[in-house]
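**Student:**
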Amino acid sequence: MNLSKGFQLANKYYPLLLVPIILDLLQLGNILRNAQGFTFKLTIPSALPSITQVMNTANQGTDTFNINLPYGYSGHGFLAVLIVILYLLAGAFFKGGFLGCILAGINEEEVSVSTYIQAGKQYFGRFLAQSLLMVALLLAVALFLIAIGPLALILMIGFFILAFYLTFWDYVIVAENAGLIEAAQISLARVQSGLGKVFLFLIPIALITALLGIIANALIAASSILAVLAIALYAYFGTAVVFAIMTFYLEIEGSGAGSDFTA
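Mind the numbering: the sequence shown is residues 454 to 716 in our numbering, read in order.
#1: So does the region 473 to 481 actually touch the region 632 to 640, counting three or more Cβ pairs closer than 8 Å?
#2: Is it buried or exposed for G544, if we count other Cβ within 10 angstroms and need 16 for buried?
#3: At a cut of 8 Å, does the region 685 to 704 reach the region 608 to 624 through at least three beta carbon pairs?
#4: Between the region 688 to 696 and the region 610 to 617, are three or more C-beta pairs nearer than 8 Å?
#5: How long is the line joining the alpha carbons of S677 and G558, rounded to whole angstroms?
#6: For L476 and L456, I'd like the C-alpha separation in whole angstroms.
#7: Can you give me the Cβ contacts of I474 inside the same chain, cut-off strictly under 8 Å, excluding the 5 residues immediately before and after it?
#8: Can you give the Cα-Cα distance for M609 and L596, rounded to whole angstroms?
#9: Just the Cα atoms here: how many angstroms apart are L672 and N487?
#10: On the CB-based measure, 16 or more other CB atoms within 10 Å of its CB, does Q489 come out buried or exposed?
#11: In angstroms, rounded to a whole number, what distance separates the CA positions of A463 and L471?
#12: Within the same chain, show all residues whose beta-carbon is closer than 8 Å to that of F493, passing over the 5 residues directly before and after it, in chain order.
#13: So L501 and F547 are supposed to be a Cβ contact under 8 Å. How far apart are they, rounded?
#14: In chain order, what residues of the same chain have a beta carbon less than 6 Å from the beta carbon of G549, not counting five sequence neighbours either side?
#15: Quick one: what does DSSP say A572 is sitting in, helix, strand or coil?
#16: So, using beta-carbon positions, are I705 and G647 closer together than 8 Å?
Put into structure tokens, the structure is as follows:
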């Protein structure tokens with residue numbers, strides 16, 4: 454039901470699709486260079502969808518939140534650092550604006566460029582802090598995995614469980630106008646209290662995303678024109694999923710669609 458409503462809202466507010474489409478087109482060259490044909494990944498579109506999330510070598514974050522790093526960038530030194538910084542800054546703004554418009558659309562409020570800019574500015578600091586925290590955590594985990602060797606699998610399982618419990622982290626920041634730590638705590642509590650319901654809601658989405666990922670990777674490997682089609686297709690599906698997850702969160706949180714990102 455939530456996913457069906459997500460598609461309805463994505464159709465109604467279709468200009469929002471331009472955001473993930475443009476952001477992926479900006480890194481189309483790297484996407485084409487890293488195409489690997491058949492790829493199967495169980496994942497969930499992040500709060501700012503990117504087709505890189507279903508590609509085999511994607512470095513866009515975890516299954517539920519996107520840290521907005523450049524995909525497949527092979528530069529070194531100062532230029533590489535500069536590009537990462539720019540992606541983190543831009544990603545924080547675009548994610549805040551995107552989720553602000555998602556919530557406004559669910560609340561049947563105005564969804565416009567000014568809405569996007571207002572929300573982007575309002576949540577910029579929190580999403581930037583989140584991105585920096587995730588970058589530091591991913592680096593620490595990577596180093597620790599190298600150090601512990603055979604025990605790495607246990608750590609990875611723990612990391613994915615944590616990612617599952619933080620499914621609503623991005624959404625809570627906007628829906629509840631919550632701080633970074635408070636939003637993480639709320640997400641943990643909501644998932645824990647409705648564990649079965651959340652699991653049953655996310656599993657079909659993960660399976661559909663995996664199937665769509667197979668199609669998208671095949672299109673990307675085939676030609677650049679089909680890669681653009683794959684990007685547009687994933688942007689549409691991902692935006693519908695983001696609408697669905699926000700709607701689902703508001704339902705289990707008990708506020709319906711009464712929250713307001715300007716609160």
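Heads up, the beta-carbon is just placed ideally off N, CA and C, and yes, glycines get one too.
**Tutor:** The answer reads as follows:
#1: By the criterion of at least three beta-carbon pairs nearer than 8 Å, the region 473 to 481 is not in contact with the region 632 to 640.
#2: It counts as buried.
#3: Flag = yes, the region 685 to 704 and the region 608 to 624 touch.
#4: Too few Cβ pairs lie closer than 8 Å, so no.
#5: Distance between the alpha carbons of S677 and G558 is about 33 Å.
#6: For L476 and L456, the gap between their C-alpha atoms comes out near 24 Å.
#7: Answer for I474: I684, A685 and A688, listed in chain order.
#8: Approximately 12 Å, taken between the alpha carbons.
#9: L672 and N487 have their C-alpha atoms roughly 13 Å apart.
#10: With fewer than 16 other Cβ atoms within 10 Å, it is exposed.
#11: Cα-Cα distance, rounded: 11 Å.
#12: Within the same chain, F493 has close Cβ partners A663, G666 and I667.
#13: Contact between L501 and F547 is confirmed by a C-beta separation of about 6 Å, below the 8 Å threshold.
#14: A572, G573, Y576, F577 and F580, listed in sequence order.
#15: Three-state result, A572: helix.
#16: In this structure, the beta-carbon distance from I705 to G647 falls below 8 Å.
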